[in-house]
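I have placed the structure first, in the form of structure tokens, so that the comments after it can refer back to it.
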Amino acid sequence: MRNRNILALTLAAAATLAAVPAALPAAAATPANPRTAAGHCPQLSKKLTWYGDNRAHLQQMIDERGSCSHPHLGHGKKRPVAAFDWDNTVTKNDVTDATIAWSLRHDKILRPKSWKSTSKWMTDDAHRALTKACGTKVPVGKPLRTSTNKACADEIFEVREDGKTMSGKAAFAGTWDHRHTVPQYAWVPQIFAGHTVPELESYAAKARKEALAAPIGATQTVGTHEIPGYVRYYDQQRDLIRTLKKAGFDVYIVSAGSEPVTEVWSKSVGIDRKHTVAIRSVLDRKGRITTWNQGCGGVPVNKGEAIPYIDGKRCWINQEIFGIKGKQAWDKQDRGDRIALGGGDADTDVTFVGDATGAHLVLNRNKNEVMCRAYDDADGRWVVNPMFIEPLKQKPDLYPCSTSAYNEHNGDKGPVRRADGSVVADQRDSVY
């Protein structure tokens, strides 16, 4: 079990470690369990709306893999695992953005000694832009006046959101594995360096209260950025998680956000700290967040090289849930060491959702790689649903699956391929 006190390290120590989905295939289907008809299996609510036959597909997987068919789960028989992304999968809108926005509006970002030191990939252009906008009058380690300094708030949010400065210059440069990390995601916990975990949790809790109280459709302004001002838990996902747990599943959240922020939100759907996996910051001896992160898959303590992002989510699932250590954690495992259900909404989720052996649940946000996989439906187990709140309209053009939907390790774009190497044809957006 994870213990933050054990994980706390000094910076010096860290540096040394330098289209309704098709029915399930006949071969995969099993006869209905007799207890299902009698109502003895945990059931998804019929009062909540799912697209097409999606509820039935998910219910079938729950009946087949859960305690209804395997009554000894947890008593000598390993529990099946379900894993969900958080932002825009369990909730509508991004809780990390909500926390950053609240923090910027309440002067909670501490001035670093050097902006360049906050990320190993930060460019000189970004360092200069942040330094100019935020100034040097505030002492190092003290709160920046981002509530009144719109230019400073703008630069910070633009770097986080788009990896660019307000003038359009690249905020990050260098070499990284584009399926293991993305610098602006890794930068989020890094800009909270100097705060304790309880402090960051308190900011997330206040942002949560504000976002849940705001009406659906509300916006807020950060600097000159207009962003969503509300967040909602999806009732369907709450119900799905609750039903999975009743059916004997171990349910996890695996997010590319900051772990203390995600934990504040996940506990309200019954997911505890042990079952919440996100970017894990290294703490100093006083319990303060540093710009260093814990590693995965043989990557030691690092500056953001191995976060839960695309293939990184597989790594963290393999390492933290299935106990697979070292480089092997990056590999697709045998069925016995894979999740039964994966749920996501974006390309950052495509690998772990695709690893699921029972059902791949995708909320359609028009993200190329994951939607190519979902619509191709190679194993007949992909379940595509529009967003439950403010769903997107139909994507007017085809997903470029055959040419440029796949995110290559070096940052290039390429064709999406099936396990046998064949190329996925371009796909029409059909669930919206």
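Each residue of the sequence shown is one higher than the one before, starting from -6 at the first, in this note's numbering. No residue lacks a Cβ here, since even glycine has one placed at the ideal position from N, Cα and C.
Backbone secondary structure at residue i - three-state DSSP
i: phenylalanine 242; result: coil
i: arginine 421; result: coil
i: proline 27; result: Residue placement at proline 27 is poorly supported in this model, since its pLDDT is 43, which falls under 50; the coordinates still yield a value, given next. In the structure shown, proline 27 sits in a helix (DSSP, three-state: H, G or I).
i: valine 218; result: Reading off the sequence, residue 218 comes out as histidine, not valine. Three-state result, histidine 218: strand.
i: alanine 299; result: coil
i: leucine 17; result: Low confidence applies to leucine 17: its pLDDT is 43, below 50, so where it sits in the model is not reliable, and the reading given next is rough at best. In the structure shown, leucine 17 sits in coil (DSSP, three-state: anything other than H, G, I, E or B).
i: aspartate 358; result: Checking the sequence shown, residue 358 turns out to be arginine, not aspartate. In the structure shown, arginine 358 sits in coil (DSSP, three-state: anything other than H, G, I, E or B).
i: leucine 103; result: strand
i: tyrosine 178; result: helix
i: histidine 120; result: helix
i: asparagine 311; result: helix
i: glycine 250; result: strand
i: cysteine 126; result: According to the sequence shown, residue 126 is alanine rather than cysteine. Of the three classes helix, strand and coil, the one that applies to alanine 126 here is helix, per DSSP.
i: glutamine 229; result: helix
i: tryptophan 43; result: coil
i: aspartate 390; result: coil
i: threonine 84; result: strand
i: valine 224; result: coil
i: valine 262; result: helix
i: alanine 211; result: coil
Beta-carbon proximity of residue i to residue j, cut-off 8 Å
i: histidine 160; j: alanine 122; result: Histidine is not the amino acid found at residue 160; the sequence shown has serine there. Closer than 8 Å, so yes.
i: proline 182; j: isoleucine 272; result: yes
i: glutamine 229; j: tryptophan 79; result: no
i: alanine 333; j: alanine 49; result: no
i: alanine 371; j: valine 355; result: no
i: valine 247; j: valine 270; result: yes
i: valine 416; j: serine 397; result: no
i: proline 176; j: serine 112; result: yes
i: threonine 249; j: threonine 341; result: The sequence as given places alanine at residue 249; threonine does not occur at that position. Yes, the Cβ-Cβ distance between alanine 249 and threonine 341 is below 8 Å.
i: valine 88; j: tryptophan 258; result: yes
i: threonine 344; j: arginine 331; result: no
i: aspartate 338; j: threonine 82; result: yes
i: proline 73; j: phenylalanine 315; result: no
i: alanine 146; j: aspartate 118; result: no
i: valine 254; j: threonine 92; result: yes
i: alanine 240; j: valine 224; result: no
i: glycine 128; j: leucine 103; result: no
i: tyrosine 425; j: asparagine 357; result: yes
Span of the alpha helix (DSSP H), counted from its first residue to its last, around residue i
i: valine 88; result: 88 to 98
i: asparagine 361; result: 361 to 369
i: valine 343; result: 343 to 348
i: leucine 51; result: 47 to 58
i: leucine 334; result: Careful: leucine 334 lies outside any alpha helix (DSSP H), inside the beta strand (DSSP E) at 334 to 337.
i: arginine 411; result: Premise fails: arginine 411 is in no alpha helix (DSSP H) and is neither H nor E.
i: lysine 135; result: Taken as a continuous stretch (DSSP letters only), lysine 135 belongs to no alpha helix (DSSP H), as it is neither H nor E.
i: tyrosine 196; result: 190 to 206
Assigned exposure category for residue i - 16 Cβ within 10 Å defines buried
i: glutamate 426; result: Residue 426 lies beyond the stretch modelled for the chain, which goes from -6 to 425, so this question has no answer here.
i: isoleucine 55; result: buried
i: glutamine 321; result: exposed
i: asparagine 426; result: Here the chain has residues from -6 to 425 only, and residue 426 is not among them.
i: alanine 30; result: Low confidence applies here, because alanine 30 scores a pLDDT of 42, under 50, leaving its location unreliable; read the following figure in that light. Exposed, by the Cβ-count rule.
i: proline 221; result: buried
i: histidine 65; result: exposed
i: lysine 70; result: exposed
i: leucine 37; result: buried
i: serine 60; result: buried
i: valine 363; result: buried
i: valine 376; result: buried
i: arginine 411; result: exposed
i: threonine 84; result: buried
Unbroken beta strand (DSSP E) run spanning residue i, endpoints
i: glycine 280; result: Element bounds for glycine 280: n/a, residue is neither H nor E.
i: valine 377; result: 375 to 379
i: alanine 75; result: 74 to 77
i: threonine 269; result: 269 to 272
Inset, instruction - At 3 residues or longer, and completely inside the segment 137 to 175: list those beta strand (DSSP E) runs for me, N to C. - result: none
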